[in-house]
Amino acid sequence: MTTVSMTDAHVGQPKEMRGKAGMGSNTVNKKLESEITRAQEKTEDAIFRAEKTMKYKKAMEGGISTENEQEKTYLVRQETLASVANRATSKKYFNLELPVLGPYMCDYSNNGNSLLLGGRKGHIAVMDWKSFQLQSEFQLHETCTAIKYLNDEQLFAVAQSKYTYIYGSDGVEVHQLRDLANIQALEFLPQHFLLAGGSKSGILTWFDVSIGKLVSLRRSRMGPISQLCRDKSTNVLAAGHQCGEVSMWVPTCSTPVVKLAAHRSMVVDQRYDKSGSYLTTLGVDGYTRIWDLRTMKLLNQIYTPNGRTLDVSYTDLLAVGFSSRVEVWSGTFSSQRPNKPLIAHNFEKGYTFPCTLRFCPFEDVLGVGHNFGFSSLLVPGAGCADPDFYNANPFETRKQMRDRPVYQLLDKLQPDSIRLNNAPGASHMRPRNMALLKQKQILSEAQEVSEAISGDQANDGDNDIVEKEVASQRLAFLTAEAERLERQHKHERKMKKMNGVEKYKLKQRSHLRKESKETRRTLKKKRLDKTTGTSSAVGSGTIDTQDQEDMNAKKVTESAAMNWFNR
631 MTTVSMTDAH
641 VGQPKEMRGK
651 AGMGSNTVNK
661 KLESEITRAQ
671 EKTEDAIFRA
681 EKTMKYKKAM
691 EGGISTENEQ
701 EKTYLVRQET
711 LASVANRATS
721 KKYFNLELPV
731 LGPYMCDYSN
741 NGNSLLLGGR
751 KGHIAVMDWK
761 SFQLQSEFQL
771 HETCTAIKYL
781 NDEQLFAVAQ
791 SKYTYIYGSD
801 GVEVHQLRDL
811 ANIQALEFLP
821 QHFLLAGGSK
831 SGILTWFDVS
841 IGKLVSLRRS
851 RMGPISQLCR
861 DKSTNVLAAG
871 HQCGEVSMWV
881 PTCSTPVVKL
891 AAHRSMVVDQ
901 RYDKSGSYLT
911 TLGVDGYTRI
921 WDLRTMKLLN
931 QIYTPNGRTL
941 DVSYTDLLAV
951 GFSSRVEVWS
961 GTFSSQRPNK
971 PLIAHNFEKG
981 YTFPCTLRFC
991 PFEDVLGVGH
1001 NFGFSSLLVP
1011 GAGCADPDFY
1021 NANPFETRKQ
1031 MRDRPVYQLL
1041 DKLQPDSIRL
1051 NNAPGASHMR
1061 PRNMALLKQK
1071 QILSEAQEVS
1081 EAISGDQAND
1091 GDNDIVEKEV
1101 ASQRLAFLTA
1111 EAERLERQHK
1121 HERKMKKMNG
1131 VEKYKLKQRS
1141 HLRKESKETR
1151 RTLKKKRLDK
1161 TTGTSSAVGS
1171 GTIDTQDQED
1181 MNAKKVTESA
1191 AMNWFNR
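Heads up, the sequence shown is in the working numbering, so the first residue is 631 and it goes up one at a time.
#1: Secondary structure at D903, three-state DSSP: helix, strand or coil?
#2: Report the partner residues of W879 according to the DSSP bridge assignment.
#3: Which runs of the beta strand (DSSP E) at least 3 residues long sit entirely within the region 972–1020? Give them in chain order.
#4: K660: buried (16+ other C-beta within 10 angstroms of its C-beta) or exposed?
#5: If you measure between the beta carbons of D737 and R924, is that distance less than 8 Å?
#6: Excluding the five sequence neighbours on either side, which residues of its own chain have a C-beta within less than 6 Å of the C-beta of G801, listed in chain order?
#7: Near K1042, what residues of its chain come up, given a Cβ to Cβ distance below 8 Å and the 5 sequence neighbours on each side ignored?
#8: Below 8 Å, can you find three or more Cβ-Cβ pairs linking the region 1030–1041 to the region 993–1006?
#9: Take N725 and list the residues in its own chain whose beta-carbon comes closer than 6 Å to its own, dropping the five residues that flank it on each side.
#10: Alpha carbon to alpha carbon, what distance is there between A1015 and Y944?
#11: Write down every uninterrupted run of the alpha helix (DSSP H) in the region 733–797 whose length is 4 residues or greater and which is fully enclosed by it, in chain order.
#12: Is the separation between the beta-carbon of G752 and that of E772 shorter than 8 Å?
#13: Use the C-beta contact count for K590: other C-beta atoms within 10 angstroms, 16 or more gives buried, fewer gives exposed.
#14: Would you tell me roughly how many angstroms separate the C-alpha atoms of P1045 and R1139, rounded to the nearest one?
#15: Using only CA atoms, which one of C990, W836 and F1019 lies nearest to N743?
#16: Anyone know if the C-beta pair for L972 and I694 falls short of 8 Å?
#17: Under a Cβ-count criterion, where at least 16 other Cβ atoms within 10 Å of its own Cβ denotes burial, should V1079 be classed as buried or exposed?
#18: Within 8 Å, do at least three Cβ pairs link the region 926–936 to the region 950–965?
#19: For the region 666–682 against the region 942–956, do three or more pairs of beta-carbon atoms, one drawn from each stretch, fall closer than 8 Å, so that the two count as touching?
#20: Note down the Cα distance separating Q1118 from V958, rounded to an integer number of angstroms.
#21: Measure the C-alpha to C-alpha separation of E1122 and T885 and round it to an integer number of angstroms.
#22: So, using beta-carbon positions, are V876 and Q900 closer together than 8 Å?
#23: Closest to L810 by CA distance: which of S1047, G870, N1001 and V845 is it?
#24: Going by beta carbon distance, what residues of the same chain come within less than 6 Å of A1022, once the five residues before and after it are set aside?
#25: Using CA coordinates, which residue listed in T710, T939 and R808 is at the minimum distance from M896?
#26: If you draw a straight line from the alpha carbon of G1102 to that of E1081, how long is it in whole angstroms?
#27: Going by DSSP, name the residue or residues bridged to H805.
#28: Do you know how far the Cα of E803 is from the Cα of L785?
#29: Quick one: what does DSSP say K1120 is sitting in, helix, strand or coil?
#30: If you run the structure through DSSP and keep just helix, strand and coil, what is A891?
#31: Is the distance from the Cβ of Q857 to the Cβ of A815 below 8 Å?
#32: For S953 versus N969, is the C-beta distance shorter than 8 Å?
#33: Grab me the residues of V641's own chain with a C-beta within less than 8 Å of its C-beta, minus the 5 sequence neighbours each way, in chain order.
#34: What is the rounded straight-line gap between the Cα of E1148 and the Cα of L1158?
#35: Are the Cβ atoms of G913 and D861 separated by less than 8 Å?
See below:
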């Protein structure tokens, strides 16, 4: 009786069928057969679920599609979009007419559920804009220059005419920040709990709201700072200036890490994209320019006359407000220039945009603050279809809302972790003092040599003794070199603090010391020649009287010069 093995059964069969041929009555291990069958079923189920998820994900992504390329999507009015959308989406298009206390600024919370409105004349309102429930409303009776939500919708900051204040969602004043005075722009760094502000005098301030401590204060020396934005990937701040430059700042550096000559006139507004690779700037010259920060070159530009403000959505849609018109552009973050906007909306005559445009997180909504209140516009495709609910969750429960600040404080980062490049081991600036850097390297090497010497004390071989001797000599050399570099570093710091006159006096003083040292060396040599009888002096071997008089006169001159420099 011939027995056919499993290997012989697979001969001549394709690979797809080999796993199924041996499964039957001839299988020796029934448990293995059942495990393989269950694994195959799970794999098929996972593939089915993935295809189904991708299908729904594609259906969730919004946008405006046309039948042919000649159709103009920017001619579609907001009323038309609201009529063809579902009931929940159509409610998100509304206008709040507040003509007395404007112009208004707006800001959305991280999860997109709350809306903060701030009028220039001191009117503050907090509302749940999806359900149209007003949470708080109060009047400051003074000028309001900037508003910003903090780590959640429970706290927000308001820059008033003199100081900056932190209020709760119920309108109660929580803190008064005297370190942030005369602020015109606010930005919050949620990973570091830092509230950054730019003042009229050009001062950038980072304030830690978790401990109530001033972290850093830097002078830009480039005029008032009216706009601030942050890179969401690195938390580097970008500030626009009147000279047409955009400077990028970190709290650990006293000078900007990058200066970008963006426009030939004043920079009105600037925004990063979600990856931090591109920066969009808006200038008084009428151009909106997109810069590639990886090469620091101009990538694209759009002509937007009288531009006032801009914003970039999560899906890289660019919104620009100018005159009484708002335009939303797509495909601007590429070298190919778009010919026409995706969506355009014209307001009634008299509406201007000196304030803000803000895309709502996780929603296809653009908030517009203007002279006559606030408007919420529909922008299909602006929201994120696959959001990350770890940082912000629009569907969080009360318990999650209560626990989230605790988790955020546990994950808080230090201010020195903010760098232009957050790659491992990267530095945000080139070290200016190379002597100090070399000294640190030498000290680390000396420590390694010292540890190696102390670790080999138990060995008594001849080769080990020679290696110890070499290591000891190397350690002595490194220690002396580190001391020399430390003296050099102190001298450089001292010279840096001096003005021009003090540097000249120090240089002359060192020159006089050098000459006096050479004179003493000459006298010593002549005395040595006199004692040994090998003096080259004329006569009896003593020093010439003329030489002695010349040296005495030179000493008197040097002493007088030293006294004058030491005055």
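Just so you know, even glycine gets a beta-carbon here, dropped at the ideal spot from N, CA and C.
Put simply:
#1: coil
#2: L867
#3: 973–976, 987–989, 995–1000 and 1003–1008
#4: exposed
#5: no
#6: S766 and F768
#7: Q821, H822, F823 and S840
#8: no
#9: S1005
#10: 10 Å
#11: none
#12: yes
#13: Within the shown structure, residues of the chain are numbered from 631 to 1197, placing residue 590 beyond reach of any answer.
#14: 44 Å
#15: C990
#16: yes
#17: buried
#18: yes
#19: no
#20: 57 Å
#21: 19 Å
#22: yes
#23: V845
#24: N740 and N741
#25: T939
#26: According to the sequence displayed, residue 1102 carries Ser and not Gly. Taking the straight line joining both Cα atoms gives about 11 Å.
#27: I796
#28: 10 Å
#29: helix
#30: strand
#31: yes
#32: no
#33: Note that V641 scores a pLDDT of 44, beneath 50, so its modelled location is shaky; the value from the coordinates is reported in the next line. Excluding sequence neighbours, V641 sits near nothing in its chain.
#34: 15 Å
#35: no
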